[in-house]
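Enquirer: In mature numbering (1 follows the signal peptide of the UniProt record, and there is no 0), the protein residues as written are -19 to -1, 1 to 888.
We put the CB at the ideal spot given by N, CA and C, even for glycine.
Structure provided below as structure tokens; questions to follow.
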Amino acid sequence: MKACILVCPLLVYVQYASAIAFTTRCWEILNGKENMFKDGLCKEINQLGNQGWHTLESDDWVYYPQQYVNVSFTALDVSVTLVGGCCAPSRYKPTDFLYRDDGSSYKNTGNKIVAISDRPIVQNITIQGWYMQSFVDDGAVNLTLVPTINHPDKQSVFYELIAFDRAMVITYQFFNDQDKVIGNYSSGLLRNSISIPDITLPRYTRRIVVSIFSSRADPMCFAYIYAGVYIYSPFTTLTKVCAKLTTLLQYACLGNFIVIPLIFTIMSYTSDFSFPPPARFLCRAPANMIHMCIIITLGSFISSQAWHMLNSEAIMFHEWLPRAVRIIEIFLSFFLLAVYFYPVFICYHASYRSRVANIMGAYTILALFALRLSIELPNYVIVYPQSQGFLVVNLLTITPTIGAYFAVFAYFITRSLTFKSCVLCGVAFLEVQDIEEEYVKRLFYSHTKRKRKTRNHDSLLGRLWDFITIDWPQIRAMPINLRKLLKQFLRYLFGIDELVRIPFAIKASLTLLVYCLAQLIPLLLNEMIGTGAVVSRHICQWSPYLVQLHYDKDPLSFAIKTYYFMRIVTYIAAFGGGVCNVQQNCHCYHSCSNAYSPVCILFSLGILRRFTKDILKIRKGDYSLFKGKRNNRMDVDDAIRFLGVFIGFGFTGTLYLMLEVFLIGTFITMLIQLDMLRELLLKRLGYGAYFASFFVAIIVQFLQKRVTNLVFIESRTRFMVHHRAPFLHYWYFMMLTSMTKALISYFLRTLKLALRYPMYSLRVDRNAETWSVRDGDAGFTAYSGMILTDHEYNNPIALTFIECILDCIQHSFQKNVLSKYFIFGEHKRKLCRYHIKSSRNQIKSENWKNGSTKDSIKKISSDVKEEQIGLSRRARNRWFLAYTLVNNPQLRADRQRKGIEIQITTD
């Protein structure tokens, strides 16, 4: 019994030690990190010359072969590797000692007898490559030794239990490129330790001589030794400089938040300059390329902040925030991002009004770019180059960001150099397409129906004859406009109406989400299958145990094959879950991020289709989307949160969807790899009566439906039954047979819900819950507030009515005489050179065509203007008359009494 108690802990320890040895080798192979030690298994001592392990004398260190012990418990025989399979100093060769302890202090310290032999095992390590050598010269490279230590033989086990400790001493000698000694280092006595501390290489090191000294009576026996060098980022000069620059630039950006609005305030009081808003969410706002590029630059900060938040990592503001406010640093981080970019947005919206705004905008975007560069540069120089593939992927994802910063900076610089106050430039900056006016026009003419020719045939051949004789002659050959055709196809594909404007809030949210998800893909790949990442680490840890369920008992082969499958799973999860769930607008607005999404998934783009349907219903007075219908509790405060919750739901939901796909792929991989587990599941589930009855029930249900329709249901009906008495007996016997299918269908319904709901929850425009739960859904509430706010402020009927009342309806200034009107008299000073020149060219071309003079153009312009004013007054009077008649109390009472329905026409 005592022997059993003694041997069982040894079995556990030896299995753990064997797993550690395999884990180190497996990690080295899967991550492609070559061991800097030749012969890490120590099987070829003094056989590789200066390239491998060597000793002073050939028998100083020996390789101890593996030994086995059989432990019998009744009828069960267990054979395990107990000791050996490692190299250590020869116990039987007398040597001098580097260190000795006779164990006299055992009562006070617990240290037993130990003696370190003075005969080491030695190997050289060479630092190669300009990249690593440059960081060695910077003093930022660490050397790590990862040993796997066993007992050399059975006597060592008993020596350790009785009176001896095991210990080792590691010494390092450093040489420069001229092979001169530049330093020495010793680890000191490592007593009963199975790990070796990392060391930092001295500057200009090119070669290291590693000497391992071990105890002799009870030696440290090395089954495997791994050596590697890695760059320790906090020690690099680049990281230190970037950290200081980051702090300075953060304070500079905070200063911009105070200084630039203060300058604009002074300008608004001392001149005709008006303080611009940072964004125009309540009105129709153009979404041009520069505006979207500014939003992408904002997304470069949002993506990293969201990733750090989900991983519970320190955020950008962690170091310099006061300790008292760190508890709310997650909230403050996103608020401070809005603070940083506030000067950029107000400078952009004032760029057509002032040269100073353009200069300040260029400075602000340059400061933000420098801040972003100081944060990300250490990763692109130190972390990502560990794998060339990940470096290329990250460079591809950062390229649009750099392009966006450059485009915004070039815009501000160009405007600051070429700026001149111009009325037409301001009109062009704020001009939007007259979508709402066209929408109202379509409503006016919707009552007229096109006359159709009478069809005399209903059959297929008759319709074909009508097409040949009636429709075909009316077809006219027209040139095909591919661009227009593509637009129509995209509108049809995404459910977009050309006369329904997608709000700027949705456009900005989609752009930010596209960018954040594009940045999420390389982050997830690096976290999962990067160097020393989650997949390789866990495969190496669990393969020695999982291989017992595989027919091939080689754990290394099992680990390599499993890692191959898991890489496929990770790529499917990252690109399938990331790219396929990107929510973007592929057509309705210009964006610098369109290159990110090679595939548009209809479900993820459903918010565009859903918004179009919902806004059209609301404009018709259908408020069934909201609880309480028209008298719902949504307000403008809900619309404020739309952009944040849209990005948050999309980013977090996509990440969790990726992880869900990854877990499903892991389960499938385990079923492929674990043969015994797969056979057990097939035996218990696939061939069991439980699931077999499920498939039988499906067939019975199909046959039952056919019998019911053929025997008991009358033809051309669905619920009329004949043979009523036999049918009741038939009902009685068949009503319980569906329970077999229902038992399994419940689990299938739960499984489908678990798989589909995470993806369904990515969208904030719908919620499958009841109203009692839906009211608390931040995403759906924000979407409801946004769509109601857009309906309140951008209702086409209200906009057109107000334009008519205020006499301000004008067509696009390129198509009327507005540009020609401003070049005469004192208005000429309100135009820039470009518009003056273009207007003159337009006038000259018209003079050449019409043979008119400058005076005649003035007269024509005044006549056209008077005609437009007359038309505008006429339209205004009609709107006012219609509005008065519709709201007249007496007429309303008459209409209600007589049931008269008023229809406004354009006659």
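For Asn92 and Ser86, I'd like the C-alpha separation in whole angstroms.
Expert: Your numbering for residue 92 matches position 111 in the sequence shown. Your numbering for residue 86 matches position 105 in the sequence shown. Answer to the nearest angstrom: the Cα atoms are 7 Å apart.
Enquirer: Quick check on the DSSP output: what are the complete beta strand (DSSP E) runs of length 3 or more inside the segment 131 to 186, in order along the chain?
Expert: The segment 131 to 186 contains these whole beta strand (DSSP E) runs: 148 to 156, 162 to 167.
Enquirer: So, with DSSP's three-state summary, where would you put Cys521?
Expert: Looking up residue 521 in the sequence shown gives position 540. In the structure shown, Cys521 sits in a helix (DSSP, three-state: H, G or I).
Enquirer: Can you grab the Cα-Cα spacing for the pair Asn775 / Leu480, in whole Å?
Expert: To locate residue 775, count along the sequence shown from 1; it is residue 794. To locate residue 480, count along the sequence shown from 1; it is residue 499. The alpha-carbon atoms of Asn775 and Leu480 are separated by roughly 13 Å.
Enquirer: Quick check: does the Cβ of Arg518 come within less than 8 Å of any heavy atom belonging to the ligand GTP?
Expert: Among the components of this structure there are no ligands whatsoever, and the ligand GTP is therefore not found.
Enquirer: I think Ile628 touches Ser490, with their Cβ atoms under 8 Å apart; what is that distance to the nearest whole Å?
Expert: Taking the sequence shown and counting its residues from 1, the one referred to as residue 628 is at position 647. Taking the sequence shown and counting its residues from 1, the one referred to as residue 490 is at position 509. With a Cβ gap of about 6 Å, Ile628 and Ser490 count as contacting.
Enquirer: Just the Cα atoms here: how many angstroms apart are Val43 and Phe18?
Expert: Position 62 of the sequence shown, counting from 1, holds the residue named residue 43. Position 37 of the sequence shown, counting from 1, holds the residue named residue 18. Distance between the alpha carbons of Val43 and Phe18 is about 18 Å.
Enquirer: DSSP state of Val222, grouped into three classes?
Expert: Reading the sequence shown from its first residue, position 241 is the one you call residue 222. Val222 falls in the helix class under three-state DSSP.
Enquirer: By DSSP, does His704 sit in helix, in strand, or in coil?
Expert: As a working note, residue 704 is residue 723 in the sequence shown. If DSSP states are grouped into helix, strand and coil, His704 belongs with coil.
Enquirer: Using the Cα positions of Ala148 and Arg72, report the straight-line distance between them to the nearest angstrom.
Expert: Within the sequence shown, residue 148 is the residue found at index 167, counting from 1. Within the sequence shown, residue 72 is the residue found at index 91, counting from 1. Spanning the two alpha carbons is a distance of roughly 14 Å.
Enquirer: Would you mind sorting Gln109 into buried or exposed? The rule is 16 or more other CB atoms within 10 Å of its CB.
Expert: If you number the sequence shown from 1, residue 109 lands on position 128. Per the 10 Å Cβ criterion, exposed.
Enquirer: Applying the criterion that 16 or more other CB atoms from any shown protein chain within 10 Å of the CB defines a buried residue, is Asp875 buried or exposed?
Expert: Your numbering for residue 875 matches position 894 in the sequence shown. Classification of Asp875: exposed, given that the 10 Å Cβ count is below 16.
Enquirer: Among Ala266, Pro70, Thr76, Thr218, which has the Cα closest to the Cα of Asp199?
Expert: Here residue 199 refers to the residue found at position 218 when the sequence shown is read from its first residue. Closest by alpha carbon: Pro70.
Enquirer: Can you list, in chain order, the residues of its chain with a C-beta nearer than 8 Å to that of Met113? Leave out the 5 residues immediately preceding and following it.
Expert: Translated into the one-based positions of the sequence shown, residue 113 becomes position 132. If we look at Met113 and ignore the five residues flanking it on each side, its Cβ neighbours are Val122, Val210, Ile212.
Enquirer: Going by the CB atoms, is the gap between Arg100 and Asp41 shorter than 9 Å?
Expert: On the sequence shown, residue 41 is found 60 positions in, with the first residue counted as 1. On the sequence shown, residue 100 is found 119 positions in, with the first residue counted as 1. In contact: Asp41 and Arg100 (Cβ atoms closer than 9 Å).
Enquirer: Can you tell which of Ile283, Leu279, Phe238 has its C-alpha closest to the C-alpha of Leu501?
Expert: The residue labelled residue 501 in the question sits at position 520 within the sequence shown. Of Ile283, Leu279, Phe238, the residue nearest in Cα terms is Ile283.
Enquirer: What does Phe627 pair with, by DSSP beta-bridge criteria?
Expert: As a working mapping, residue 627 is identified with position 646 in the sequence shown. Answer is none; Phe627 lacks a bridge partner.
Enquirer: Going by Cα to Cα distance, which pick from Ala319, Ser195, Phe683 is closest to Ser281?
Expert: For the purposes of this step, residue 281 is identified with residue 300 of the sequence shown, where counting begins at 1. Checking every option, the nearest Cα to that of Ser281 belongs to Ala319.
Enquirer: Helix, strand or coil: which one does DSSP assign to Pro128?
Expert: Within the sequence shown, numbered from 1, the residue matching residue 128 stands at position 147. Three-state result, Pro128: strand.
Enquirer: Excluding the five sequence neighbours on either side, which residues of its own chain have a C-beta within less than 8 Å of the C-beta of residue 936, listed in chain order?
Expert: It is not possible to answer for residue 936, since the shown part of the chain is limited to -19 through 888.
Enquirer: Bridge partners for Arg188 per DSSP, in chain order?
Expert: In the sequence shown, counting from the first residue as 1, residue 188 sits at position 207. In the DSSP output, where bridge partners are listed per residue, Arg188 has Thr107, Phe156.
Enquirer: Taking Cβ positions, are Ala540 and Leu506 nearer each other than 9 Å?
Expert: As a working mapping, residue 540 is identified with position 559 in the sequence shown. As a working mapping, residue 506 is identified with position 525 in the sequence shown. No, Cβ-Cβ distance for Ala540 and Leu506 is not below 9 Å.
Enquirer: Expressed to the nearest angstrom, what Euclidean distance is found between the alpha-carbon atoms of Asp146 and Leu662?
Expert: Sequence index remark: in the sequence shown, residue 146 carries index 165 (1-based). Sequence index remark: in the sequence shown, residue 662 carries index 681 (1-based). When rounded, the distance between both Cα atoms is 49 Å.
Enquirer: Are the CB atoms of Ile327 and Phe245 within a distance shorter than 9 Å?
Expert: Here the question's residue 245 lines up with position 264 in the sequence shown. Here the question's residue 327 lines up with position 346 in the sequence shown. Yes; because the gap between Cβ atoms is below 9 Å, this pair is in contact.
Enquirer: Here's a check: name, in chain order, each residue in its chain whose Cβ is nearer than 6 Å to the Cβ of Ser98, leaving out the five neighbours to either side.
Expert: Translated into the one-based positions of the sequence shown, residue 98 becomes position 117. Cβ within range, chain order: Pro70, Thr76, Arg197.
Enquirer: Within the 9 Å Cβ cut-off, does Ile363 reach chain B?
Expert: Of the protein chains in the structure, only one exists, and it is not chain B.
Enquirer: Out of Tyr473, Thr762, Ala233, point me to the one whose CA is closest to Asp616's CA.
Expert: Along the sequence shown, one-based indexing puts residue 616 at 635. For the residues Tyr473, Thr762, Ala233, the minimum Cα distance to Asp616 belongs to Thr762.
Enquirer: Taking Cβ to Cβ, would you say Gly169 is nearer than 9 Å to Ser368?
Expert: Taking the sequence shown and counting its residues from 1, one reaches residue 169 at position 188. Taking the sequence shown and counting its residues from 1, one reaches residue 368 at position 387. Against a cut-off of 9 Å, the Cβ pair of Ser368 and Gly169 comes out as no contact.
Enquirer: In this structure, does DSSP put Cys23 in helix, strand or coil?
Expert: Translated into positions along the sequence shown, residue 23 becomes position 42. Reduced to three states, the DSSP call for Cys23 is coil.
Enquirer: Which of the three DSSP states, helix, strand or coil, is assigned to Ser195?
Expert: As a working note, residue 195 is residue 214 in the sequence shown. It is a strand residue.
Enquirer: Whole angstroms are fine: how far does the CA of Glu417 sit from the CA of Phe648?
Expert: On the sequence shown, residue 648 is found 667 positions in, with the first residue counted as 1. On the sequence shown, residue 417 is found 436 positions in, with the first residue counted as 1. The straight-line gap from Cα to Cα measures roughly 53 Å.
Enquirer: In its own chain, which residues sit with a C-beta less than 6 Å from the C-beta of Tyr711, not counting the 5 before and 5 after it?
Expert: Counted from its first residue, the sequence shown places residue 711 at position 730. Same-chain partners within the cutoff: there are none.
Enquirer: Output the boundary residues of the beta strand (DSSP E) element that contains Phe203.
Expert: Locating residue 203 in the sequence shown gives position 222, where the first residue counts as 1. Taken as a continuous stretch (DSSP letters only), the beta strand (DSSP E) holding Phe203 covers 202 to 212.
Enquirer: Within its chain, find whatever has a CB closer than 7 Å to the CB of Tyr140; leave out the 5 residues flanking it on each side and keep chain order.
Expert: Taking the sequence shown and counting its residues from 1, the one referred to as residue 140 is at position 159. Ala198, Asp199, listed in sequence order.
Enquirer: Measuring straight from C-alpha to C-alpha, what distance separates His704 and Gln685?
Expert: Within the sequence shown, residue 704 is the residue found at index 723, counting from 1. Within the sequence shown, residue 685 is the residue found at index 704, counting from 1. Near 16 Å, if we compare the C-alpha coordinates of Gln685 and His704.
Enquirer: Could you round the C-beta distance between Leu586 and Asp595 to whole angstroms and report it? I think they count as a contact, below 8 Å.
Expert: As a first step, residue 586 must be located in the sequence shown, where it is residue number 605. As a first step, residue 595 must be located in the sequence shown, where it is residue number 614. Wrong, their Cβ atoms sit about 15 Å apart, outside the cutoff.
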